[in-house]
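Presented below is the structure to which this report refers.
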Amino acid sequence: MLKLLEKYNEKLIAHGLCAPGEPLVGGINDTVLWNRDDANCAELETIINGLNINSIICARPTEPFLSILNYHCQNCDGEFTPQDTETRTFLHSIPVARSLNAAEILPLLQKRKGCVVEGVGIISIGTVSPEQAFVVYSSIIFSAFVKFFVDHAYALHHGTPDPVAVQMLPHVLAAYDQFLPQALEVKLQAGPFSDEDAIIRAMIDAGQATVDARMVDSFFGNISYFHDEVVYISQTGSSMDELASCIDPCPLDNSACTGITASSELVAHRDIYLGGNNKAILHGHPKFSVIMSMLCFEEDCANRGQCHIKCSKQRMIADIPIIPGEVGTGPRGLSNTLPPAVQGRRGAIVFGHGVFTVGQQDFRDVFKSLAEIEGMCRERYLALVGG
Amino acid sequence: MHGWTGKILKVDLTKQTTEVLRPERELYLKNIGGKGLAGELLFEHFCRDWDDPQMPLAFTTGPLNNTASPTSGRMTVMSRSPLTGAICDASVGGRMGTILKRAGYDGIVVTGKSENWCGLSISDEGVSFQKASHLSGLPVKDIHSRLCAEPGMEKGAHATIGEAAENGVGYAAIIFDGHYFAGRGGLGLVMAQKKLKFISVNGSGKTPVSDRDELRAAQEEIYRLVSASPMLTGDLGISNYGTGALYDLMRSRRMMPTRNFRQTVFEHASSMNAAAYKERYQTKKFGCAGCHILCKKKGAKGQVIPEFETMSHFSALVDNSDIDAVVEANRICNETGMDTISAGVAVATYAEITGEPITPQKLTQLLRDIASGQGEGAALAQGALAFAKAHGKPEVAMVSKGLEFPAYDPRGAHGMALAYATSTRGGCHLRAYPISHEILRKPVATDRFSLSGKARIIKISEDLNAMVDSLTACKFLFFAASLEEYARALNGVTGMQSTAQQLLQLGERIYYRERIMNARNGFSAVDDDIPPRFFTEGGSSSEAIKIPPLNREEFLQERAAYYHIRGLDNNGMPTPEKCEQLELPC
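Residue numbers (my numbering), protein chains in the order written: chain A, 1 to 387; chain B, 1 to 586.
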């Protein structure tokens, strides 16, 4: 258990989400174990005693995330609700406590998987593994970040910018510089790859490089390669920087269901391969791409509020289309909208969700495209808000 | 009340009388429905023998039945198991849960014993007792057809027992709507003991919903998560392939119980997987009322395609490589009404003890003999443990608390070892289902080759699944959704203000009550165990994947941790302190 607590402590730090020495990670079996001593342990154990959980994280995030969380806390009444896919699908809403007090926090965590404590940071929980708490922690940061920039852009557009947000913006952007993609320095193997070992090796390296370059948080996204009528794809919920043993070979003829643990986007990946000459796909959630996908200033649109499933406009950022579609299959799933959108293109952005890039040789192009799209979206955002 | 009808039909088969119970709202709030409600109704009777006429057989629905809440068409059947002597409940699909609510009842409690075979007919017009001797000995599908042909029951729901129950098979099932089994532990035999051959229900009532917008929002959240689940609606998931989609995965993880759990890889598996059934039988899908996943499969010529456990046990476990024989074995069990898991393990036990190979002909003959109580089948009809004991080799029976193991070898998913051991109904995968995280990576992956920290996970999962069965939702849905979304659905229907964690606490109370019931019937730590084979023999290892025996010391250590977390004493018995905390009599 202690090893597991230490792993997620290190991950929070390695991803830049927390400063070294900051994360407090607790694991519960028949006793409570902590990755370190802290004055807050007693209060957190009161929280643990009121919940049926096996793990908890309490940590103050780094800048700019802490300032953004505090901003949302000050501008909401009990909870805030970002409109990105992560919130829509998994978080539903993000509750806020005003102090690290068990009596205040318990009712929030009885309902949701995590909450923000104003001025303190985030508390997140898991029932199976500290990984759940880590995922929730990271998701809250992601969703809160996206909401800050989306709300600000809309407020500016409507001529009602929040002076506090305006004042924060340069500081937040500066603090975020350290998280910008560093794609150009990365060297990945040249393809095409023709045997399973080489394919899996290339996927593991590309996944690791994508996380190292901070283009995606580790557990967001998926990656695949197509060879000899088989789609090799990362497993559902796998971390992009831990892909060893987490890649499923899925034959196109569906002669085996071993890939039942494959990513929820398997169908979308498969149909992309069937509809063109692509061999590699990379999917991540770079933040400014997600933010830009959620900014549409069409007045009086009949689909307002339903953009994630019903957008009927041909929206583009340069050569990259922005499309609707929910996670996975289903009538409104991106498995229907994504494959046609990337035909003849290097990628697409799914509204409020993330970027898919495609390549015909190996992971070098898809990696570069992901970084370029995110860079381009960031530039466009800055141009939009005068940053 | 919103959600509940507030009425439970109590039936006395001896006197052929009925009365309506009207529980207080508080009782519903504490138990919700399904498993929770049935446990409440049975609690005071639970020291009776399973065949005591006054031992109730309960059929219970939940507040979400007959509403728009996803996968809420299920219900619970509960009594004491003739096979194990322990608590025995089954979450069963089909339409009965929905239709019973329409007829105005949250549940039926059956007591007494009829003189002759009888049936129970429930509709908007009232309740009547029917003669049923003419149905005795018929195949289940014929009984179902006849019940559907009764005036006013064409669109009704029907529960029946088959030949196996009539002949005293210890793992006889109750079959709903011709296809859906309350399969495990011999609930069909309890019904047969009462001489109750069938229950037919029809009704037209609506279930009042407190807040339709809230329910719709919850429904939207759940559907979104289901669409995002590769296990449920993915290209290779159970919607397309049925639960048999798990077959390849168990093979590839080297944890497919083979030749009575002596090996864990079956060399013929790749030609007997779900894809093979799909191609050979041109399968199409069907499923329970109120479910859009439709995990059940039927062949183009109407053959019922086996579920995962049946596929696995009638192939790998009994060393049979004939796919048609699996379908035929499944058909025999369906038509005679017996649990395929227990039947498969009984046959595998027979094979190991006698050394006789199980040819396709032998397999189907043994199953027919079990159902009819003839020849070698008569001894196997009392379960694998009784058969193995009779041959002086109890250790060969792959059971816990006398209930046969399903198709997950615990050496390939160590949490499963603890889950089998602590399950209140015995060798059951569904109480905690650690396969979800150990193999299917939901909600996140855990180390399948470690027991470390699993005690608490198992306990939480048992509480969760107790609540899922009380909500009468489908466990499969919880590969995607969680109590967070279902609490919203429950609140929308009933007007409650519940949260996910509050529902988990109710689940804890419901599960602990089952521990009390078992303890009162003599179950203790000795029974919370699995066969010695798993600690002394390895599975089928490869270069890449080693399947060593489980470590006995670690197992006992984690079981002790489980007792501590669950609030039991060192012997696995309930404690006064915990009972008081949960407001349960000790």
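We put the beta carbon where it would ideally sit given N, CA and C, even for glycine.
- Nearest to C47 of chain B by alpha-carbon distance, out of B:F523, B:P531 and B:D211, is B:F523.
- Here V216 of chain A is not near I281 of chain A, since their CB atoms are 8 angstroms or more apart.
- Per the C-alpha coordinates, the member of B:G112, B:N202 and B:L246 positioned closest to Q193 of chain B is B:G112.
- G333 of chain A is bridged by DSSP to A:E326.
- Identification of chain B residues near D195 of chain A by a Cβ-Cβ cut-off of 8 angstroms yields none; the smallest Cβ-Cβ distance measures about 17 angstroms.
- Apart from sequence neighbours up to five positions away, no residue of its chain approaches T160 of chain A with a beta-carbon distance below 8 angstroms.
- A direct Cα-Cα distance of roughly 54 angstroms separates D52 of chain B from I94 of chain A.
- As the crow flies, the alpha-carbon of L21 of chain B is around 10 angstroms from that of I108 of chain B.
- Pairing T71 of chain B with A153 of chain A, the inter-Cα distance amounts to about 41 angstroms.
- Taking the C-beta atoms as reference points, S123 of chain B is found nearer than 8 angstroms to A103 of chain B.
- For D241 of chain A, the nearest beta carbon of chain B is not closer than 8 angstroms to its own beta carbon.
- Sorting B:Y563, B:N571, B:S498 and B:F478 by C-alpha distance to the C-alpha of N31 of chain B places B:S498 at the top.
- Rounded to whole angstroms, the Cβ separation of L246 of chain B and A480 of chain B is 16 angstroms, and the two are not in contact under 8 angstroms.
- Counting only Cβ-Cβ distances below 7 angstroms, S264 of chain A has contacts in chain B at A228, S229, P230 and G234, in chain order.
- Interface residue (Cβ-Cβ distance to chain B less than 8 angstroms): G27 of chain A is classified as such.
- Under the three-state reduction of DSSP output, Y137 of chain A falls in the helix class.
- One thing to note: A164 of chain B has its Cβ within 8 angstroms of the Cβ of T336 of chain B.
- Around the C-beta of L274 of chain A, fewer than 16 other C-beta atoms lie within 10 Å, and the residue is accordingly described as exposed.
- Scanning chain A for C-beta atoms nearer than 7 angstroms to the C-beta of Y241 of chain B yields C257, reported in chain order.
- Counted as a single uninterrupted DSSP element, the alpha helix (DSSP H) harbouring D212 of chain A occupies residues E196 to D212.
- L33 of chain A: member of the beta strand (DSSP E) spanning V32 to W34, first to last residue.
- Contact check for H313 of chain B against I353 of chain B fails: the beta carbons are separated by 8 angstroms or more.
- Between I309 of chain A and C296 of chain A, the alpha-carbon positions lie close to 14 angstroms from each other.
- Residue pairing by DSSP places Y225 of chain A opposite A:Y232 and A:A280 in a beta bridge.
- Within its own chain, the residues whose Cβ lies closer than 7 angstroms to the Cβ of A413 of chain B, once the five positions on either side in sequence are excluded, are M255, P434, I435, E438, I439 and R448, listed in chain order.
- Counting only runs of 4+ residues, the alpha helix (DSSP H) found wholly inside the region 500–560 of chain B occupies 500–520 and 533–536, in chain order.
- Within the DSSP bridge table, the entry for D89 of chain B names B:M78 as partners.
- For A39 of chain A, there is no enclosing alpha helix (DSSP H), since its DSSP letter is neither H nor E.
- The beta-carbon separation of V32 of chain A and I48 of chain A, rounded to 6 angstroms, stays under the 8 angstroms limit for a contact.
- Using a Cβ-Cβ cut-off of 8 angstroms, P70 of chain B does not count as an interface residue toward chain A, since no Cβ of chain A sits closer than that to its own.
- Along the region 171–213 of chain B, the beta strand (DSSP E) occurs as fully enclosed runs of 3 or more residues at 174–176, 180–182 and 196–201, listed in sequence order.
- Under a 10 Å Cβ-count criterion, L2 of chain A is classified as exposed, with fewer than 16 other Cβ atoms of the shown protein chains found around its own Cβ.
- Looking at A:H269, A:C311 and A:E299, the one whose alpha-carbon comes closest to that of Q343 of chain A is A:H269.
- Bounds of the beta strand (DSSP E) holding Q130 of chain B are G126 to K131.
- Cα atoms of T494 of chain B and G85 of chain B: separation of roughly 35 angstroms, rounded to the nearest angstrom.
- For a Cβ distance threshold of 7 angstroms, residue set R224, L225 and A228 of chain B lies close to T89 of chain A, ordered along the chain.
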